[in-house]
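Taking it in order: structure first as structure tokens, then the write-up.
See the structure below:
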């Protein structure tokens, strides 16, 4: 039987979006480094759980929202432009957000 991949669950608690994003990017960099050096045994998969302070995030199609940045900030929310796809997303108090950072090469996707 194949060894099942391990996913480490990290509860980040309440954390601003930018810090949570940096945690997930750091995990991605570690995965890429291990793949590049062919050190597949050291790859760690993560599921980050976090609650954000109020924040609106926009992806690469952000031009239509940048003009709203000051209005959204005046409502007490942060505004973050990211390198993800998609449009605008709100995260706030009481909302549990999960960010999976996985090396899919460790998962047998043929059985799915």
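Numbering (the numbering used here), first residue to last: 140 to 251.
The beta-carbon is built from N, C-alpha and C at its ideal position, and this holds for glycine as well.
*asked:* Just to confirm the assignment: which complete alpha helix (DSSP H) runs, minimum length 4, are found wholly within the segment 179 to 242?
replied: Whole alpha helix (DSSP H) segments, 4+ residues: 202 to 205 and 208 to 213.
Quiz prompt | Own chain, CB closer than 7 Å to residue 209, minus 5 neighbours either side, in chain order | solution = No residues qualify anywhere along the chain.
Count the other C-beta atoms from every protein chain shown that fall within 10 angstroms of the C-beta of residue 145, then say buried if there are 16 or more, exposed otherwise. Label assigned to residue 145: exposed.
- Determine the direct distance from the alpha carbon of residue 161 to that of residue 239, and round the result to whole angstroms. Cα atoms of residue 239 and residue 161: separation of roughly 13 Å, rounded to the nearest angstrom.
Note to self: Once DSSP output is grouped into helix, strand and coil, what is the label at residue 249?
What the structure shows: Helix, per DSSP.
TODO: Using the Cα positions of residue 213 and residue 236, report the straight-line distance between them to the nearest angstrom.
DONE: Going from the Cα of residue 213 to the Cα of residue 236 covers about 24 Å.
Alpha-carbon to alpha-carbon, residue 229 and residue 167:
Between the alpha carbons of residue 167 and residue 229 lies a gap of roughly 23 Å.
### Message
What does the Cβ neighbour count give for residue 232, buried or exposed, with the cut at 16 atoms within 10 Å?
### Response
Counting Cβ neighbours within 10 Å, residue 232 comes out exposed, since fewer than 16 surround it.
Kindly list the residues whose CB is nearer than 6 Å to the CB of residue 178, restricted to its own chain and excluding five residues on each side of it in sequence; keep chain order.
Counting only Cβ-Cβ distances below 6 Å, and skipping sequence neighbours, we find nothing.
Notebook entry, point to check: What's the gap between the Cα of residue 192 and the Cα of residue 176?
Noted result: Pairing residue 192 with residue 176, the inter-Cα distance amounts to about 37 Å.
So if DSSP puts residue 153 in a beta bridge, which residue, or which two residues, is it bridged to?
Answer is 190.
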